[in-house]
Amino acid sequence: MINEFAWIREEISGLKGVLYSFKEEWGAERYHVLDQLMAMRGTNKEGQPILTLKCGAEKSEQLRAENPAIVPGYYMNKRVWISVLLEEERDKDLIRALIQHAYSEAKNKLPKYKQVELFD
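With the sequence shown counted from 1, adding 712 to any position gets you this note's numbering.
Structure below.
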């Protein structure tokens, strides 16, 4: 992975309950909140660095309409995943906000007992 985007790994890994893994065959970093996938960082078929994030369906549509650097999730359900083209989107505050949103989306998909166990 490109060191220029190493801050993303630090940002996501610092969230409570996040587990990191590397999928060798995809060349992708994966981040789960317990067993819920929330983000992947890798490249698309053009070799561009991307950050793919879980996203609510309505928010996903809105973000894609407003920002050309945010596209449907690469190799994911296009309705509830987005990919950020990292060489085009340089606003770290926006990316941090999208990471927080993905974290909330994944956390809310956990069974209630796991949410209580981990977050209360």
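Virtual Cβ for every residue (Gly too), placed ideally from N, Cα, C.
For this session: Spatial neighbours of Met713 within its chain, please: CB distance less than 6 Å, with the 5 preceding and 5 following residues excluded, ordered by chain position.
Result: Within the sequence shown, residue 713 is the residue found at index 1, counting from 1. Residue placement at Met713 cannot be trusted, given a pLDDT of 44 that sits under 50; what the coordinates show is reported in the next sentence. Nothing meets the Cβ criterion.
Exercise. If you draw a straight line from the C-alpha of Glu799 to the C-alpha of Phe831, how long is it?
Worked result: Start at 1 with the first residue of the sequence shown, and residue 799 comes out as number 87. Start at 1 with the first residue of the sequence shown, and residue 831 comes out as number 119. Answer to the nearest angstrom: the Cα atoms are 34 Å apart.
Exercise. Using the beta-carbon count (16 or more within 10 Å), is Glu716 buried or exposed?
Worked result: What you label residue 716 is simply residue 4 of the sequence shown in a count that begins at 1. Classification of Glu716: exposed, given that the 10 Å Cβ count is below 16.
For this session: Have a look at Asp736 and Glu773 and give me their C-alpha separation to the nearest angstrom.
Result: Looking up residue 736 in the sequence shown gives position 24. Looking up residue 773 in the sequence shown gives position 61. Reading the sequence as shown, one finds Glu at residue 736 and not Asp. The straight-line gap from Cα to Cα measures roughly 30 Å.
Exercise. Residue ranges of each beta strand (DSSP E) run of no fewer than 3 residues wholly in the segment 743-820, ordered along the chain?
Worked result: 748-755, 761-766, 782-784, 793-797
Exercise. Can you name the start and end residues of the alpha helix (DSSP H) that Phe831 belongs to?
Worked result: Taking the sequence shown and counting its residues from 1, one reaches residue 831 at position 119. Run containing Phe831: 824-831, per the alpha helix (DSSP H) assignment.
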